[in-house]
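Peer 1:
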Amino acid sequence: MVNYLGQENEQDFRQEAPAPCYLITTANDYTAEKDSPFCTNEESSYMFPSKYLMDQMNLTWNGSFGYVANGSTVIVNGQNNALYIKKSFLLEFIKRNELDVVWTVLGEKQKITGGFGRDFPGRAEFSYTYYLNEKDEVIRNHKVYNTMKAGRY
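Sequential numbering of the sequence shown, starting at 30, is according to this note's numbering.
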């Protein structure tokens, strides 16, 4: 989940009903856009651990692309705007703190054209959730896939 810098304590995820449990943000997302006067001419984005994980896991930045705990790199900022965490480190942390892990995948695909008034090429929306079970296996919990067929609207 992406933390928009300020939701960690308030649990305000812009929903009508509150979440059924307390959600802990795991990562922050930073995008350097080309039109910013503070950025270079290239567009790039980065993810980094949330304040909660930095504090609770005693993480420190290694000055490059990783985060260190107990003298070894346990989180790496990889390509394609992704964070990779050492599995044994994560499992030990969630067991020690009696936490559960849930992943969400949300997306949409659409060919950009002139809009709905012209020949609309269609659109697909998808949503998946996964969780870590008692055997430390990743299990898909649900899948939703909707399509809006091509046509004139």
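Glycine included, each C-beta is placed from N, C-alpha and C at the ideal position.
Hey, could you find the ends of the beta strand (DSSP E) Tyr-75 is sitting in?
Peer 2: 73 to 78
Peer 1: Inspect the CB distances between the segment 72 to 83 and the segment 53 to 61 and report whether three or more fall short of 8 Å.
Peer 2: Yes, they touch.
Peer 1: What are the start and end residues of the alpha helix (DSSP H) that includes Ile-123?
Peer 2: 116 to 125
Peer 1: Which of the three DSSP states, helix, strand or coil, is assigned to Leu-82?
Peer 2: Three-state DSSP puts Leu-82 in a helix.
Peer 1: Which of the three DSSP states is assigned to Gly-151 in this structure?
Peer 2: coil
Peer 1: As a quick exercise: from Asn-126, Asn-109, Glu-166 and Lys-138, pick the residue whose alpha carbon is nearest that of Trp-132.
Peer 2: Glu-166
Peer 1: DSSP three-state call for Lys-164: helix, strand or coil?
Peer 2: coil
Peer 1: How many Å lie between Glu-163 and Arg-169 at the Cα?
Peer 2: 14 Å
Peer 1: Report the three-state DSSP secondary structure of Tyr-33 (helix, strand or coil).
Peer 2: Only weak support is given to the placement of Tyr-33: the predicted model assigns it a pLDDT of 42, under 50, and the value that follows is read from those uncertain coordinates. It is coil, neither helix nor strand.
Peer 1: Taking Ile-104 as part of the beta strand (DSSP E), name the residues at either end of that continuous run.
Peer 2: 101 to 107
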